[in-house]
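Peer 1: Below: one structure in structure tokens.
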Amino acid sequence: MPRIIVCLKQAVDVNHIKVDPTTRRLITADAPKKISDFDKNALEEAVRIKEKLQGEVVALTVSAEDAKTTLREALAMGADKAYLVTDPSFQDSDALITSHILAQAVKKIGSFDLILCGEATIDSYSAQVGPRLAERLGIPVITYVRKLSLEGNHVIAERSLEDRFEVAKARMPALITVIKEINEPRIPSLPDILKASKKEFVTWSLDELGVSKEKVGITGSSVQILEVLAPKGERKQIKIEGENPHEIAENLAKALIQKGFARR
Amino acid sequence: MVFDFTETETQRLVVKSVKDWCERNLTFERVREMDDKGHPFPKEIVEGLCGLRVVMGTVPAEHGGSGIDWLTQGMIAEVIGYYDPTIATAAGLMAVETGWGFTLDRYCNETVREKYIKPAIRGEKFVGIATTEPGGGSDVAAFKSTAKKDGNEWIINGEKTFISGTEECKKWGGGYWINVRTGPIQPGAPHRNMTSFFLPIDAEGVEVQEPYRDAGRMAISTGGFKMKDVRLPDEYKLGEEGKGFYYTMEGFDNARMMIAASCVGIIQRIIDEAVPYITERKTFGRPLAKYEAIQFELAELYREMEALKLMTRKTTWMQDIRYKEEGMPQKISKAKTFKPTDVAGWISMIKWKGPSLALEAARKAMIWFGAAGYTKEYILESAWRGVMSYVVGAEGGLNIQKIVVARELLGRDYVPYK
């Protein structure tokens, strides 16, 4: 009966981000928060494993902001227990620091067989937190997984790479990062939501994890995000013309090759 | 009395679940297809929403429901209205099944609950309401259908018309709440001697008529049926003999709240569709939104929608207090905070305001959009056709609601039907 920890980020819903047309800065203040998309796939996969093999699913979130509703949704989706590590000083922590806090939390949670993460988060998209966490815990990691099964003490995972699929096997405990294709996350029903309000919810502060405030956030991070700007949406306004569809297609192909978007 | 407009965590999550489901399943293209194709209502939409257990969510958990309050159920109806502004989904699953289904559950016995209500909550069967007769809907004195006792059975004769979901009920199985006379019309009190029954659609002697060709909310059928010597066991009677009128008014109350709430969603959708259009579309070198003729109408519409939302949420909150104080009908105690007629007055105000405002919103937005608004490229025209059904009569027409509100203000001596 596997014990699975799922790392979930409360991310900005990128579909609701607006861009200031003059400065190109992102306006995120009004954008709602949600479980980062691929993390939701990770949670769904964990719940499916539990439904098949029994066991326990633990949801873990590290957040500078209040993420209670987000984690409550994870409980409604089928997690048995939720841990929230929260402190305003986490703001702007990089992948190095986030993985450190997560590692401390995982150690405090106790024994586990699997850690599931999304391949990356929809807002910062570094794709580093999962592998860094595995490194800190000294366990194997398999990334970009689209199919997963457990056999005895091993996890077998099919990875989706750019030009091929790769099947990898690792002894548990191990960390897996999943991609969107692995499943379609369930939508919790009303009774699921009502039940979730009765499930165990643990909140930890930095002190409880033995992490000092100076070592998190901007001060503790080695990478600082100086600016996030929307790309310039300038169009080249090239018109592809021709006498007939064949000639237009020919000219379009030539233009694409010339710009380096296609090869002959 | 504490007023708190903060949504609870449960309400936020339920609303999110319904939104997430609608984003996947009630897309613009799907709703357009449903409206173009017409009834019967797609079973997978029913099963999906019933799978979330948000249809008849207010039915107590021990009766197979989810036991949520009307305030939360109203928020769910807002989302359904938003994603299907043709109002077909809200009409079938929120007003009819949720509003009437909940009330039916209060007065039915275990046989009807097990055979019809629980399967309807699971999305397997359809339960609806059939009060209107060829002689009238809100005019109860005109009702002619009768039931006569014969041993432990009732023999029912009569006709019901303008009934939502007859084709769906026929196809999926289920039945209707009907009102029939079980005694003579009493002068000055035509509502007496009215008894409610649950009529299975497949009962012998029920003849379902061809559905009407409606102007809107095409995805759900409207039809009628004749009842000729239909024999119903006594256990299909709802509540006590002769009290059908009161139970029916309660059912109308619950269904009307759901319609008002879904209209909040419809208007919000119309605003959300209109804002990008009027800010992008330019005439005479300026976006439409720059013209006061349009932006003032938009501002007014938004104000009215927020007013409707507040009124609707207050009304559902009142109904929750009333039900909490009254308890189940078997052990009914007198409500302390609000009388049923207090709540009915508010319900009539929102049922009057909701569909009228949604109709006005659709009409105005169509005019802002110009010729484009008159096409099926946008959802506006189908909302316009759909919500009209709740202005003209479904769940009590516009003028009936005004009579109820005036009755609360002036007293029963001034009702026009006395």
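Protein chains in written order, with our numbering: chain A, 397 to 660; chain B, 32 to 449. Where is the CB? At the ideal position from N, CA and C, for every residue including glycine.
Does any C-beta atom of chain B lie closer than 8 Å to the C-beta of L467 of chain A?
Peer 2: For the purposes of this step, residue 467 of chain A is identified with residue 71 of the first sequence, where counting begins at 1. It does not: the Cβ of L467 of chain A has no partner Cβ on chain B nearer than 8 Å.
Peer 1: For V85 of chain B, which option in B:E198, B:K50, B:A173, B:P73 has the closest C-alpha, if you only look at C-alpha atoms?
Peer 2: For this step, residue 85 of chain B is matched to residue 54 along the second sequence. Out of B:E198, B:K50, B:A173, B:P73, B:K50 has the C-alpha closest to the C-alpha of V85 of chain B.
Peer 1: Quick check on C403 of chain A: does DSSP put it in helix, strand or coil?
Peer 2: Position 7 of the first sequence holds residue 403 of chain A. In this structure, C403 of chain A counts as strand in the three-state DSSP scheme.
Peer 1: Is it true that the CB of A455 of chain A sits closer than 8 Å to the CB of V402 of chain A?
Peer 2: Within the first sequence, the letter at position 6 stands for residue 402 of chain A. Within the first sequence, the letter at position 59 stands for residue 455 of chain A. Cβ distance < 8 Å, so V402 of chain A and A455 of chain A count as in contact.
Peer 1: Give the residues of chain A in contact with D51 of chain B, contact being defined as C-beta atoms less than 8 Å apart.
Peer 2: Position 20 of the second sequence, counted from the first residue, corresponds to residue 51 of chain B. The answer, in chain order, is I583.
Peer 1: Measuring only the C-alpha atoms, how far is S545 of chain A from V443 of chain A?
Peer 2: Translated into positions along the first sequence, residue 545 of chain A becomes position 149. Translated into positions along the first sequence, residue 443 of chain A becomes position 47. Answer to the nearest angstrom: the Cα atoms are 13 Å apart.
Peer 1: If we count the other Cβ atoms within 10 Å of its Cβ and call it buried at 16 or more, is A425 of chain A buried or exposed?
Peer 2: Locating residue 425 of chain A in the first sequence gives position 29, counting from the first residue. Classification of A425 of chain A: exposed, given that the 10 Å Cβ count is below 16.
Peer 1: Quick check: the Cα distance between P447 of chain B and K591 of chain A, rounded to an integer number of angstroms?
Peer 2: As a first step, residue 447 of chain B must be located in the second sequence, where it is residue number 416. As a first step, residue 591 of chain A must be located in the first sequence, where it is residue number 195. Each residue's Cα considered, the two are about 50 Å apart.
Peer 1: Strictly below 8 Å CB to CB, what residues from chain A border S97 of chain B?
Peer 2: As a working mapping, residue 97 of chain B is identified with position 66 in the second sequence. In chain order: L586, P587, L590.
Peer 1: Please give me, in chain order, every unbroken run of the beta strand (DSSP E) with length at least 3 that falls completely inside the stretch 247–281 of chain B.
Peer 2: Runs found: 253–264.
Peer 1: Could you check how far apart the C-beta atoms of A491 of chain A and V525 of chain A are, in whole angstroms? I think they sit under 8 Å.
Peer 2: Looking up residue 491 of chain A in the first sequence gives position 95. Looking up residue 525 of chain A in the first sequence gives position 129. Correct: roughly 5 Å between the Cβ atoms.
Peer 1: Check the Cβ-Cβ distances between A472 of chain A and every residue of chain B, and say whether any is below 8 Å.
Peer 2: Residue numbering aside, residue 472 of chain A sits at position 76 when the first sequence is read from its first letter. It does; some Cβ of chain B falls within 8 Å.
Peer 1: Helix, strand or coil: which one does DSSP assign to I431 of chain B?
Peer 2: What you label residue 431 of chain B is simply residue 400 of the second sequence in a count that begins at 1. If DSSP states are grouped into helix, strand and coil, I431 of chain B belongs with the helices.
Peer 1: In angstroms, rounded to a whole number, what distance separates the CA positions of P527 of chain A and P318 of chain B?
Peer 2: For this step, residue 527 of chain A is matched to residue 131 along the first sequence. For this step, residue 318 of chain B is matched to residue 287 along the second sequence. Looking at the two C-alpha atoms, the distance is approximately 50 Å.
Peer 1: Starting from the beta carbon of T44 of chain B, find every residue of chain A whose beta carbon is closer than 8 Å, and list them in chain order.
Peer 2: As a first step, residue 44 of chain B must be located in the second sequence, where it is residue number 13. For the record, residue 44 of chain B in the displayed sequence is Leu; it is not Thr. Per Cβ cutoff of 8 Å: T465, R468, E469, A472, P584, I589, A592.
Peer 1: Pull the bridge partners of N188 of chain B from the DSSP assignment, please.
Peer 2: As a first step, residue 188 of chain B is located in the second sequence; it is residue number 157 there, counting from the start. Beta-bridge pairing links N188 of chain B to B:T177.
Peer 1: Quick one: which chain A residues come within Cβ less than 9 Å of G130 of chain B?
Peer 2: The residue you call residue 130 of chain B lines up with position 99 of the second sequence. Those do not exist, as G130 of chain B stays about 17 Å from chain A at its closest Cβ, beyond 9 Å.
Peer 1: Could you please give the first and the last residue of the uninterrupted alpha helix (DSSP H) stretch that includes K68 of chain B?
Peer 2: Residue mapping note: residue 68 of chain B aligns to position 37 of the second sequence, counting from 1. Note, K68 of chain B: alpha helix (DSSP H), 59–68.
Peer 1: State yes or no: is the C-beta of G132 of chain B within less than 8 Å of the C-beta of A151 of chain B?
Peer 2: Counting from one through the second sequence, the residue named residue 132 of chain B turns up at place 101. Counting from one through the second sequence, the residue named residue 151 of chain B turns up at place 120. Yes. Within cutoff.
Peer 1: Any idea what DSSP makes of V525 of chain A, helix, strand or coil?
Peer 2: Taking the first residue of the first sequence as position 1, residue 525 of chain A is located at position 129. Correct three-state label for V525 of chain A: helix.
Peer 1: With which residues is A645 of chain A paired in a DSSP beta bridge?
Peer 2: Your numbering for residue 645 of chain A matches position 249 in the first sequence. Answer by DSSP bridge pairing: none, since A645 of chain A is not bridged.
Peer 1: Taking the beta carbon of K449 of chain B as the centre, do at least 16 other beta carbons fall within 10 Å, making it buried, or is it exposed?
Peer 2: Mapped onto the second sequence, residue 449 of chain B falls at position 418. When all chains shown are included, K449 of chain B counts as exposed.
Peer 1: Helix, strand or coil: how does DSSP classify S351 of chain A here?
Peer 2: There is no way to answer for residue 351 of chain A, as the model of chain A reaches only from 397 to 660.
Peer 1: In three-state terms, what does DSSP make of M380 of chain B?
Peer 2: For the purposes of this step, residue 380 of chain B is taken as the residue at position 349 of the second sequence. Helix, per DSSP.
Peer 1: Using the C-alpha atoms, what's the distance from E155 of chain B back to K201 of chain B?
Peer 2: Counting from one through the second sequence, the residue named residue 201 of chain B turns up at place 170. Counting from one through the second sequence, the residue named residue 155 of chain B turns up at place 124. So the two alpha carbons sit approximately 12 Å from each other.
Peer 1: Are the CB atoms of L557 of chain A and I400 of chain A within a distance shorter than 8 Å?
Peer 2: For the purposes of this step, residue 400 of chain A is taken as the residue at position 4 of the first sequence. For the purposes of this step, residue 557 of chain A is taken as the residue at position 161 of the first sequence. Not closer than 8 Å, so no.
Peer 1: Three-state secondary structure (DSSP) at F400 of chain B?
Peer 2: As a working mapping, residue 400 of chain B is identified with position 369 in the second sequence. The answer is helix: DSSP assigns F400 of chain B an H, G or I state.
Peer 1: From this set, B:V306, B:Y278, B:R55, B:L263, which residue's C-alpha is nearest N4 of chain B's C-alpha?
Peer 2: Examination of residue 4 of chain B is not possible in this model, given that chain B is present from 32 through 449 alone.
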